[in-house]
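Q: Okay, here's the structure, questions in a sec.
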Amino acid sequence: MGTVITIASLSGGQGKTTISFFLSKYLATKGKVLACDIDPQANLTFFLGYDLGSTEASAYELITGEIEPHHCIYWSHNNAQLHIIPTDDGLAKAQEFLSSSGMGALVLKSRIAQIKEQFEFIIIDSPPSRTQLALTALGAADVVIIPVETHVKGINSLLRTLELLDGLNTLGQVTPKILGVIPFRDRWIGRTQQRQSREAIAIMREIALERGFTVFNSLIESERYKQAIDKGILLDALGYPELMIPFQQIEVALCQIQH
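In this text, residue positions in the sequence shown follow the working numbering: the first is 152, and each later residue adds one.
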């Protein structure tokens, strides 16, 4: 049965969709992967090259239960191992459904349970705010990865995300494991790391040590990520295999918890 990985952060600009894209594409070279877009901005759907038709089932129908989950799944272009549950801005209407359900945090978990055994990994890109959609994305997770910009805004977002997870755990609604954090937009000039990035990552490591999770290698500030996304390819195919190290580290960590 597959591992559900939610990429979560309560602020925008933290790299959630960038990480969801590369992790989905990379893990699809290892096994069957489902990328699930639970952000009404629909950036992951766009990045993976899926054009959602007006009559096609999407993440909205998945959450509301209007259609069986397997009817919401589509192949991603040019990769038979990578599948997607796409979305569009209409997903925002699911907020009311989740609020009135009484168990909104567990709705997506119950839907995904019906298709979980079909995939080795299910990756959920969640919205960057404390909404019912974010709660249900966390509620579905076996593990959570938190991207954190190497800036004071990123540290604040990390603390808010951890606070939300603690609150959900206290209520007994969800108990996902925090797999780790990924520093995002780690800024370097030549071989010198900028002080702001260095200090932010040091704080991340202190928090991680206290709470017992990993700080993966950072995603440096680079146009290479955008170039790879625009081409729909991985960074090693673009000629930068060293930029894939954080995703390789995540794969190792996932294999450790699966066995």
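Think of the CB as a built atom: it goes at the ideal place given N, C-alpha and C, for glycine as much as any other residue.
Would lysine 244 be called buried (16 or more neighbouring beta carbons within 10 Å of its own) or exposed?
A: As a working mapping, residue 244 is identified with position 93 in the sequence shown. Flag for lysine 244 reads exposed.
Q: Which stretch, first to last residue, makes up the beta strand (DSSP E) that contains lysine 260?
A: In the sequence shown, counting from the first residue as 1, residue 260 sits at position 109. Where lysine 260 is concerned, there is no enclosing beta strand (DSSP E), although the alpha helix (DSSP H) it sits in stretches over 255–264.
Q: As a quick exercise: from Val294, Thr154, Ala264, Leu286, pick the residue whose alpha carbon is nearest that of glutamine 246.
A: One-based indexing of the sequence shown puts residue 246 at position 95. The shortest Cα separation from glutamine 246 among Val294, Thr154, Ala264, Leu286 belongs to Leu286.
Q: Only counting the same chain, and skipping five residues up and downstream in sequence, which positions put a Cβ closer than 6 Å to that of threonine 345?
A: Within the sequence shown, residue 345 is the residue found at index 194, counting from 1. The sequence as given places glutamine at residue 345; threonine does not occur at that position. Arg338.
Q: If you reduce the DSSP assignment to three classes, tell me which class aspartate 239 lands in.
A: The residue labelled residue 239 in the question sits at position 88 within the sequence shown. Reduced to three states, the DSSP call for aspartate 239 is coil.
Q: In whole angstroms, what is the alpha-carbon distance linking glutamate 361 and serine 171?
A: Position 210 of the sequence shown holds residue 361. Position 20 of the sequence shown holds residue 171. Using only the alpha carbons, I get a separation of about 26 Å.
Q: Under 8 Å by Cβ, that's how I've got lysine 167 and proline 279 pegged, so tell me the actual separation to the nearest angstrom.
A: Residue numbering aside, residue 167 sits at position 16 when the sequence shown is read from its first letter. Residue numbering aside, residue 279 sits at position 128 when the sequence shown is read from its first letter. So it is a contact: roughly 7 Å between Cβ atoms.
Q: Short of 7 Å in beta carbon distance, which residues of its chain neighbour tyrosine 201, apart from the five on each side in sequence? Order them along the chain.
A: Counting from 1 along the sequence shown, the entry for residue 201 is found at position 50. Taken in chain order, the residues that qualify are Tyr225, Ser227, Ile235, Pro237.
Q: Considering only their Cβ atoms, is the gap separating phenylalanine 197 from phenylalanine 398 smaller than 7 Å?
A: Taking the first residue of the sequence shown as position 1, residue 398 is located at position 247. Taking the first residue of the sequence shown as position 1, residue 197 is located at position 46. In this structure, phenylalanine 197 does not lie closer than 7 Å to phenylalanine 398 by Cβ.
Q: Is lysine 167 helix, strand or coil by DSSP?
A: By 1-based counting over the sequence shown, the position of residue 167 is 16. Residue state, collapsed to three classes: helix.
Q: If we call anything under 7 Å between Cβ atoms a contact, is leucine 289 one with threonine 169?
A: On the sequence shown, position 138 is the one that residue 289 refers to. On the sequence shown, position 18 is the one that residue 169 refers to. The answer is no: Cβ separation not under 7 Å.
Q: What are the residues that DSSP puts in a beta bridge with aspartate 293?
A: Reading the sequence shown from its first residue, position 142 is the one you call residue 293. Its beta-bridge partners do not exist; DSSP assigns none.
Q: Under the three-state reduction of DSSP, which class applies to alanine 159: helix, strand or coil?
A: The sequence position of residue 159 within the sequence shown is 8, counting from 1. Alanine 159: coil per DSSP, three-state reduction.
Q: Can you tell me which residues form a DSSP beta bridge with proline 334?
A: Start at 1 with the first residue of the sequence shown, and residue 334 comes out as number 183. Partner(s): Val299.
Q: By the DSSP assignment, the beta strand (DSSP E) with isoleucine 384 in it spans what residues?
A: Indexing the sequence shown from 1 puts residue 384 at position 233. That residue, isoleucine 384, is in no beta strand (DSSP E); it is neither H nor E in DSSP.
Q: Which residue wins for smallest C-alpha separation from glycine 216, given the options Asn230, Gln192, Leu242?
A: Residue mapping note: residue 216 aligns to position 65 of the sequence shown, counting from 1. Checking every option, the nearest Cα to that of glycine 216 belongs to Leu242.
Q: By the DSSP assignment, the beta strand (DSSP E) with phenylalanine 272 in it spans what residues?
A: Looking up residue 272 in the sequence shown gives position 121. 272–276 is the extent of the beta strand (DSSP E) around phenylalanine 272.
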